[in-house]
Structures are given as C-alpha cells and as structure tokens.
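Have a look at the structure below before the remarks.
Numbering (our numbering), first residue to last: 4 to 402.
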C-alpha cells in the first residue's frame with residue numbers, strides 16, 4: 004500500500020492514507036497480542052522531534068492513544084474490539100467477555116517510551132488523548148483500561164549509571180548522579196557520555212573531572228535542553244574548554260553573540276545557579292574540575308550539589324535576584340515575583356506567568372537540590388467504571 008501511495012495510485016490521498024494507518028494499527032495490535040500470549044515483554048519506543056506545533060503533537064498523541072486502545076486486553080479479549088469497534092462484520096464475529104464486577108480493568112500490553120526534547124508537551128497531549136481515544140460504543144461492556152504515565156526520574160539515572168559503572172569500574176556518587184540528571188537531556192545521553200570514559204582495572208568512585216569529560220562529548224542540544232539554545236551552547240563550550248574564557252571568547256566558542264549571552268539573563272542565571280563561575284579576572288568557567296593535574300580529583304561543583312540543606316526555593320531566589328529588572332519586586336509578597344518566595348515550598352506557576360523564561364531554571368534548581376521534578380499519574384479509557392477493583396484501591400492508598 005505504501006508503494007501505491009508513493010506512486011500516486013489512489014483516488015483520494017487522505018482516504019488512502021487512512022487505510023494504510025488502519026492496517027498498520029491492526030498489524031501492530033496483532034503482533035502485540037501474540038507477543039503477550041507468548042510471554043514476551045514488549046517495550047516500544049517513539050521519538051518525537053522538537054519544534055513541532057501543538058496541532059502536530061496532538062495528532063501524534065492521538066495516534067499513540069489509538070494504538071494503545073488496540074494494544075490492550077481484558078483477559079484474553081482485545082479491548083478495542085469490545086469498546087470501540089463499529090464495523091458490523093467485525094462485531095458479528097466478536098466474542099464478548101464475562102465482566103468481573105470486582106475487577107473490570109484491562110491492561111495495556113507492555114510499555115511505551117516516548118523520547119522527545121518536548122517531552123512535557125507530548126505528555127500533556129497524551130494525557131488528553133489517551134483518556135478519550137475514540138467514542139465508546141453504546142452497548143460496550145463495562146470495562147476500562149488504566150494506563151500509568153510516568154516521567155523519567157532520578158531512579159532511571161541511577162540505574163543507567165550503576166549499569167555502566169559496573170562495566171567501566173566507575174561507581175556512581177550522589178554528586179555525579181545529580182549533575183548528570185541536571186545537565187543531560189535524558190538517561191540515553193548520560194549513557195552516551197559515560198561510554199566515552201575508559202575502563203578501570205579496580206572499581207572506584209567516578210571523579211567530578213571525569214563527569215565533566217563525559218558530558219563534554221555531548222552535543223549542545225543534549226545539555227539543558229529545556230533552556231534556550233544560547234544556554235545549551237554556552238554550557239557545551241565551557242565543558243569543552245580546558246581553561247576559563249572571557250565573555251568574548253565564550254561567545255565565539257559557543258557560536259553565539261555577546262548580546263544573546265545577556266538576553267533574559269542567560270549567562271547571569273548560570274552564574275546564579277553556580278553552574279558557571281566568574282573568576283577574579285572576569286573570565287568564566289564551568290563549576291566542575293578541569294581534567295588537569297592541578298584540579299583532577301578535586302571537589303569543585305555547584306554549591307547546591309554539595310549542600311544537603313540547599314532548597315530549590317533558595318537557589319531559584321538567587322536566579323531571580325540576578326536576572327529580574329526590578330530587584331525590589333523580590334521583597335514584595337504581593338508581587339507575583341516576590342510572592343513565590345514567601346511561605347513553604349515552591350509554587351512556580353505565578354513566577355512562570357510573570358517571567359516565562361524562568362521555567363527551565365525552576366527545574367534546574369529542583370534537580371540541583373535533589374527535589375522531585377516529575378509526576379506520575381494513571382489515565383483511564385473505556386467505560387465509566389462505578390466500582391474500582393479492591394486490589395487497585397489498595398495500590399492507590401499505598402502510593
């Protein structure tokens with residue numbers, strides 16, 4: 004069919020493309036169900052590029068949601084056939100399950116990993132589309148499927164660094180995990196970076212200068228991807244440099260203008276976070292040891308990483324203080340800027356609305372202080388279930 008599409012052998016292009024997608028969904032669903040019966044763990048991976056508009060992301064999320072409905076089961080029954088199928092010929096041959104009122108929940112077969120620089124946007128669209136992938140048939144049995152959604156968190160970075168560390172003879176440290184999670188785009192990037200390090204004959208803790216060397220091999224778009232391109236390029240240039248750089252040298256090596264370094268506090272924010280340090284002679288360096296005889300093995304790292312009492316709110320306050328136009332706003336509890344820092348915890352939404360460019364720095368501040376940045380949730384699709392399985396209620400309480 005794809006050959007016919009490429010050769011233009013169709014009457015209506017959109018309708019023909021729809022037929023191709025429907026066939027592809029059906030084939031993928033059949034494979035998923037067969038693997039499930041065979042006891043094979045299925046892990047899918049979808050890569051979504053950056054820069055897509057909301058409409059494109061929504062369409063991708065809808066495609067993934069329809070695929071999820073097809074690749075789910077209730078016992079031995081395909082949930083798509085039970086909940087959404089509207090073709091008379093298919094319905095005539097479909098067997099109906101005996102629904103257990105105590106446990107009316109099906110399950111998604113295997114798991115799906117979404118990799119994207121815009122992961123948060125993809126997740127939001129997926130939450131919306133997955134809750135209602137298709138209209139539920141009026142006579143559908145009262146079953147539903149709950150799909151857990153989780154974001155990458157510290158445990159994933161720990162797992163990657165533990166596995167690679169065992170191979171390399173380099174044991175992870177708390178500081179190394181924090182820095183890799185803060186700076187690298189995802190665990191895959193950390194794996195790529197650490198693979199550049201050599202093998203050790205005897206196991207030992209990874210040094211911070213080795214963390215610097217590893218991260219320096221990453222492309223700029225793999226470093227602080229939520230920040231502006233200027234920030235990512237700046238961090239990449241400083242990690243690769245063997246010495247501090249003047250602002251002019253930094254702009255040249257990063258391939259950015261001096262003006263862009265100043266815009267929206269790009270460089271000032273990095274300094275306020277102590278990711279970058281300004282030396283006494285006005286040059287800049289990244290806050291990790293150089294791989295030199297003088298600094299190798301030293302404990303140079305951002306202050307928040309080395310301070311067990313550091314909080315994201317305090318770290319972020321320094322960023323706002325260094326970048327906001329009117330510093331007096333930070334002392335006014337009635338101002339959206341200052342109000343963020345009054346009271347317990349860190350509520351970032353008012354600050355995001357007032358300073359849209361601050362969003363990536365909120366995440367960085369939390370990561371530097373080992374505070375959670377991800378959220379887990381469960382999305383349901385299918386019939387509205389009045390009762391929830393007893394065992395599922397227990398799981399929810401345990402969480």
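Think of the CB as a built atom: it goes at the ideal place given N, C-alpha and C, for glycine as much as any other residue.
C-alpha distance - residue i paired with residue j, whole-angstrom precision
{"i": "residue 294", "j": "residue 253", "result": "19 Å"}
{"i": "residue 21", "j": "residue 198", "result": "42 Å"}
{"i": "residue 88", "j": "residue 45", "result": "24 Å"}
{"i": "residue 262", "j": "residue 256", "result": "14 Å"}
{"i": "residue 270", "j": "residue 141", "result": "58 Å"}
{"i": "residue 224", "j": "residue 79", "result": "44 Å"}
{"i": "residue 321", "j": "residue 338", "result": "17 Å"}
{"i": "residue 55", "j": "residue 362", "result": "19 Å"}
{"i": "residue 138", "j": "residue 227", "result": "40 Å"}
{"i": "residue 174", "j": "residue 303", "result": "18 Å"}
{"i": "residue 128", "j": "residue 116", "result": "15 Å"}
{"i": "residue 192", "j": "residue 235", "result": "14 Å"}
{"i": "residue 384", "j": "residue 112", "result": "14 Å"}
{"i": "residue 24", "j": "residue 208", "result": "50 Å"}
{"i": "residue 247", "j": "residue 219", "result": "15 Å"}
{"i": "residue 32", "j": "residue 77", "result": "14 Å"}
{"i": "residue 50", "j": "residue 121", "result": "10 Å"}
{"i": "residue 176", "j": "residue 165", "result": "10 Å"}
{"i": "residue 109", "j": "residue 42", "result": "17 Å"}
{"i": "residue 163", "j": "residue 217", "result": "14 Å"}
{"i": "residue 6", "j": "residue 58", "result": "27 Å"}
Residue i vs residue j beta-carbon contact at 8 Å
{"i": "residue 48", "j": "residue 118", "result": "yes"}
{"i": "residue 147", "j": "residue 91", "result": "no"}
{"i": "residue 130", "j": "residue 382", "result": "yes"}
{"i": "residue 289", "j": "residue 210", "result": "no"}
{"i": "residue 371", "j": "residue 185", "result": "yes"}
{"i": "residue 386", "j": "residue 97", "result": "no"}
{"i": "residue 312", "j": "residue 364", "result": "no"}
{"i": "residue 212", "j": "residue 126", "result": "no"}
{"i": "residue 132", "j": "residue 64", "result": "yes"}
{"i": "residue 151", "j": "residue 68", "result": "no"}
{"i": "residue 102", "j": "residue 145", "result": "yes"}
{"i": "residue 3", "j": "residue 305", "result": "Given that the chain is displayed from residue 4 to residue 402, the structure contains no residue 3 and the question cannot be resolved."}
{"i": "residue 315", "j": "residue 368", "result": "yes"}
{"i": "residue 124", "j": "residue 60", "result": "yes"}
{"i": "residue 202", "j": "residue 172", "result": "yes"}
Residue burial classification, residue i (beta-carbon count within 10 angstroms, cutoff 16)
{"i": "residue 189", "result": "buried"}
{"i": "residue 84", "result": "buried"}
{"i": "residue 310", "result": "exposed"}
{"i": "residue 179", "result": "buried"}
{"i": "residue 353", "result": "exposed"}
{"i": "residue 401", "result": "Low per-residue confidence applies at residue 401: pLDDT is 37, beneath 50, and the placement is therefore not dependable enough to give any value."}
{"i": "residue 245", "result": "exposed"}
{"i": "residue 94", "result": "exposed"}
{"i": "residue 340", "result": "buried"}
{"i": "residue 260", "result": "exposed"}
{"i": "residue 390", "result": "The predicted model places residue 390 with a pLDDT of 49, which falls under 50 and marks its position as unreliable; any figure quoted below should be read in that light. Under this definition residue 390 is an exposed residue."}
{"i": "residue 272", "result": "buried"}
{"i": "residue 37", "result": "exposed"}
{"i": "residue 29", "result": "exposed"}
{"i": "residue 187", "result": "buried"}
{"i": "residue 331", "result": "exposed"}
Minimum C-alpha distance to residue i - residue among the options
{"i": "residue 114", "options": "125, 131, 219, 71", "result": "71"}
{"i": "residue 155", "options": "384, 169, 380", "result": "380"}
{"i": "residue 35", "options": "205, 349, 75", "result": "75"}
{"i": "residue 40", "options": "81, 6, 28, 24", "result": "81"}
{"i": "residue 249", "options": "259, 218, 315, 286", "result": "286"}
{"i": "residue 373", "options": "200, 358, 160", "result": "160"}
{"i": "residue 376", "options": "217, 357, 351, 251", "result": "351"}
{"i": "residue 243", "options": "163, 182, 292, 204", "result": "292"}
{"i": "residue 267", "options": "296, 233, 297, 258", "result": "233"}
{"i": "residue 200", "options": "336, 167, 162", "result": "167"}
Practice item. Give a yes or no on contact between the region 325-339 and the region 238-253, applying the rule of three or more CB pairs nearer than 8 Å. Key: No: fewer than three Cβ pairs fall under 8 Å.
Review point. Should the region 263-283 be called in touch with the region 337-347, which here means at least 3 C-beta pairs below 8 Å?
Key: Counting Cβ pairs under 8 Å, fewer than three are found: no touch.
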